[in-house]
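Encoded as structure tokens, the structure appears first; notes follow it.
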Ligand SMILES: NC(=O)c1ccc[n+]([C@@H]2O[C@H](COP(=O)([O-])OP(=O)(O)OC[C@H]3O[C@@H](n4cnc5c(N)ncnc54)[C@H](OP(=O)(O)O)[C@@H]3O)[C@@H](O)[C@H]2O)c1
């Protein structure tokens with residue numbers, strides 16, 4: 001599938017490389033376009049079916065606003081972002097971000113996922129942990145089916161993928177950011193996953 005990855009940092013690079021290695025056509029959207037596969041945000045989105053917002057959470061709405069509602073249309077938007085506040089050292093994360101994006105762009109099919117683990121785990125879930133859970137939230141069932149297939153391409157087993165429900169449930173995983181950062185501090189290591197065991 002044609003995928004636009006907005007942001008060329010740790011998450012964007014890791015997801016883009018892994019999805020490309022699985023046969024997807026990946027174009028990056030960047031503030032500093034360079035070459036044939038690193039375009040400006042709008043150009044990357046124009047030739048994609050699915051958009052990944054691998055951007056600082058606080059910049060997602062601004063970047064999408066510049067791209068525009070018309071260009072985003074009914075594309076699927078996979079949102080792994082976290083909005084980290086200045087109080088992050090205390091574990092505070094802004095929640096409700098994906099729901100806000102969905103309200104601002106009602107035609108675009110927002111799916112929140114991959115926001116509860118480090119980027120190395122996102123693309124290699126079972127390499128360092130024996131079981132792994134990834135949560136999915138979104139209003140559009142077909143979009144969630146597409147995203148679930150992409151998660152499979154990244155190595156997530158079906159049994160580890162939990163569909164929490166509509167986009168408002170993304171608030172729960174966004175709030176889990178506090179637990180995530182507290183655990184990173186306690187372990188001194190980000191190579192773990194918050195996993196549901198039953
Ligand atoms: N790192 C993780 O393990 C992890 C885990 C879970 C969730 N997340 C979330 O995933 C998102 C990406 O994280 P990351 O670790 O990849 O961050 P990062 O390494 O800082 O990369 C973010 C990228 O976004 C672009 N960017 C930065 N500032 C921007 C701005 N003001 N306006 C537009 N674009 C800007 C840059 O790409 P260009 O220079 O190409 O424009 C930058 O490389 C964040 O929301 C983060 O909270 C990260």
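Residue numbers (UniProt numbering): 1 to 198. Here a beta-carbon is modelled for each residue, glycine too, at the ideal position from N, C-alpha and C. Fair warning: this is a prediction, and the values are worked out from it, not measured in the lab.
Legend entry - Residue ranges of each beta strand (DSSP E) within the stretch 58-86, 3 or longer: 76-79
Legend entry - Bridge-paired residues (DSSP) for residue 135: Counted from its first residue, the chain shown places residue 135 at position 135. In the DSSP output, where bridge partners are listed per residue, residue 135 has 162.
Legend entry - DSSP-derived helix/strand/coil call for residue 1: The count along the chain shown starts at 1 and reaches residue 1 at position 1. Note: residue 1 maps to coil in three-state DSSP.
Inset, instruction - Go ahead and pull the three-state DSSP assignment for residue 55. - result: By 1-based counting over the chain shown, the position of residue 55 is 55. Residue 55: coil per DSSP, three-state reduction.
Inset, instruction - Name the two residues that bound the continuous beta strand (DSSP E) containing residue 26. - result: For the purposes of this step, residue 26 is taken as the residue at position 26 of the chain shown. Residues 25-29.
Legend entry - Straight-line gap, residue 31 to residue 74 (C-alpha atoms, nearest Å): Position 31 of the chain shown, counting from 1, holds the residue named residue 31. Position 74 of the chain shown, counting from 1, holds the residue named residue 74. Each residue's Cα considered, the two are about 23 Å apart.
Legend entry - Own chain residues within Cβ distance below 6 Å of residue 83, not counting five before or after: The residue labelled residue 83 in the question sits at position 83 within the chain shown. Answer for residue 83: 57, 58, 94 and 97, listed in chain order.
Inset, instruction - Just tell me which of 15, 6, 1 and 5 has its CA closest to the CA of residue 117. - result: Here residue 117 corresponds to residue number 117 of the chain shown, with the count starting at 1. The shortest Cα separation from residue 117 among 15, 6, 1 and 5 belongs to 15.
Legend entry - Beta-bridge partners of residue 15, as assigned by DSSP: Locating residue 15 in the chain shown gives position 15, where the first residue counts as 1. Its beta-bridge partners do not exist; DSSP assigns none.
Inset, instruction - Verify the contact flag: residue 31, CB atom, against every heavy atom of ligand 1, threshold strictly below 7 Å. - result: In the chain shown, residue 31 corresponds to position 31, counting from 1. Yes - ligand 1 has a heavy atom lying nearer than 7 Å to the Cβ of residue 31.
Legend entry - Segment limits, alpha helix (DSSP H) that includes residue 146: On the chain shown, residue 146 is found 146 positions in, with the first residue counted as 1. 141-154 is the extent of the alpha helix (DSSP H) around residue 146.
Inset, instruction - Would you tell me roughly how many angstroms separate the C-alpha atoms of residue 54 and residue 99, rounded to the nearest one? - result: Translated into the one-based positions of the chain shown, residue 54 becomes position 54. Translated into the one-based positions of the chain shown, residue 99 becomes position 99. So the alpha carbons of these two residues sit roughly 17 Å apart.
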